[in-house]
Amino acid sequence: MWKAKPLAYEYQSGTRFHREHPMVRSKDPMWCMVMFDLPVTTAVERRNANGFRRHLTDLGFCMLQYSVYIKYTPVAGGDGWIVKMIRGAIPSGGAVHILHLTDRQWASTMRFINSIESKPDDSPQQLQIF
């Protein structure tokens with residue numbers, strides 16, 4: 309029998325709490341999704357937004373949509389450093405959301421292209437090292 313992994317949540321007030329999530333096993337593969345809305349009205353803001361996108365790709369994220377990036381991690385629990393790296397690179401005025409999904413949750417997503425349902429991408433078979 310597996311034990312559920314405790315999940316930590318942090319809010320603006322700085323308070324933290326943990327709760328057990330019944331769907332997450334401690335060694336389940338995970339997907340980290342980053343969704344953001346960045347200001348792009350001035351040239352400096354556009355440069356900062358593009359720099360943030362490049363930073364995400366340098367961390368190993370792939371673009372799912374223009375402001376939604378995703379990364380596969382074969383083992384859960386290694387996402388703390390990713391959050392720290394993303395938090396340190398957020399441009400001023402930007403809104404960023406980070407969502408962690410299990411591989412099973414990602415596999416249950418529905419994807420439509422031109423009103424036709426397409427099969428979601430499979431989990432990567434191996435890690436690519438550049």
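All residue numbers for the sequence shown refer to the numbering used here, where the first residue is 309 and numbers rise by one.
Every residue gets a Cβ at the ideal spot worked out from N, C-alpha and C, and that includes glycine.
Do the CB positions of residue i and residue j come within less than 8 Å of each other?
| i | j | result |
| --- | --- | --- |
| Tyr380 | Pro337 | yes |
| Ser375 | Phe344 | yes |
| Val352 | Ile394 | no |
| Ala415 | His363 | no |
Within the same chain, show all residues whose beta-carbon is closer than 8 Å to that of residue i, passing over the 5 residues directly before and after it, in chain order.
| i | result |
| --- | --- |
| Ala357 | Leu346, Pro347, Val348, Pro399, Gly402 |
| Ser426 | Arg419, Phe420 |
| Leu367 | Lys379, Ile390, Met393, Ile394 |
| Phe369 | Cys340, Val342, Tyr377, Ile378, Lys379 |
| Arg361 | Met371, Tyr377 |
Which whole-angstrom value describes the C-beta separation of residue i and residue j, a residue pair presumed to lie in contact below a C-beta threshold of 8 Å?
| i | j | result |
| --- | --- | --- |
| Ile406 | Val391 | 6 Å |
Can you confirm whether residue i, when its beta carbon is compared against all beta carbons of chain C, has any partner nearer than 8 Å?
| i | result |
| --- | --- |
| Tyr380 | Chain labels in this structure do not include chain C; a single protein chain is all it has. |
For residue i, which residues from the same chain have a beta carbon less than 6 Å from its beta carbon, with the 5 sequence-adjacent residues on both sides left out?
| i | result |
| --- | --- |
| Pro382 | Pro337 |
| Leu372 | Ile378 |
| Leu409 | Trp339 |
| Val404 | Phe344, Ile398 |
| Arg354 | Val348 |
Give the list of continuous alpha helix (DSSP H) stretches no shorter than 4 residues that lie fully inside the region 348-386.
Segments of the alpha helix (DSSP H) lying fully in the region 348-386: 351-366.
At what residue ranges does the region 386-417 contain a whole run of the alpha helix (DSSP H), taking only runs of 4 or more?
You should have 388-397, 411-415.
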